[in-house]
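A.B. asks: Here it is: the structure, laid out below.
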Amino acid sequence: MKRRLGFRNQPVKFEAFDHPEYGPMLVVDVDHRDPARSTKGWHRLYHGTQWYCVSNACGIGLLPSHDESLGHGYCKGKEGVYQTPILSTAIAYSTAMRMFDKIGWLKVVFETLVDPTKTVLSLSRQGDNLQVVHDSKDVQVVKMIVFTDSPPQNN
């Protein structure tokens, strides 16, 4: 008996290619949108993260940051999912991990859709560091992007 992988027995769709700026990458479709919920007019944002978050993010969505002692000092009393419209910023926030000896450093970024009318907080920091915060219920994960040649940066 063949078993289908993915959410709700849907096949996993993915594409591998070389991005001209970011190098080799794998894009996995993890779009679990409820067909009854319209996302028309929603904005596309990116969320760089750590590998231990992948299974939760793919299964139930992104969890909100809420603990200022863990580096979320910009919460200003409001918890939420931190994202950015700038892919390079999300890449900088993701943590490089060497998963297998023969494969280089990997980073993961989630592509999301968000309702722009439900923005909790918008922060502009140095340079391209623009952060937009949303309640996790207003964030829809649609793709997982794996950068397959992305060593740690000194920053």
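Take 414 as the starting number for the sequence shown in the working numbering and just add one per residue. From the three backbone atoms N, C-alpha and C, an ideal C-beta is built for every residue, glycine too.
Once DSSP output is grouped into helix, strand and coil, what is the label at threonine 561?
C.D. replies: Coil, per DSSP.
A.B. asks: Distance check for glycine 472 and arginine 417, CA to CA, integer angstroms please.
C.D. replies: Note that arginine 417 scores a pLDDT of 41, beneath 50, so its modelled location is shaky and nothing firm can be said.
A.B. asks: What is the residue span of the alpha helix (DSSP H) that alanine 505 lies within?
C.D. replies: Alanine 505 -> alpha helix (DSSP H) spans 500-506.
A.B. asks: Span of the beta strand (DSSP E) holding glycine 436?
C.D. replies: Segment 436-442, the beta strand (DSSP E) holding glycine 436.
A.B. asks: Can you tell me which of the three DSSP states alanine 449 falls into?
C.D. replies: Alanine 449 falls in the coil class under three-state DSSP.
A.B. asks: To which residues does DSSP link methionine 510 through a beta bridge?
C.D. replies: The partner list for methionine 510 (beta bridge, DSSP) reads Leu519.
A.B. asks: Between which residues of its own chain and valine 467 is the CB-CB distance below 8 Å, once the five residues before and five after are set aside?
C.D. replies: Contacts found: Val521, Met557.
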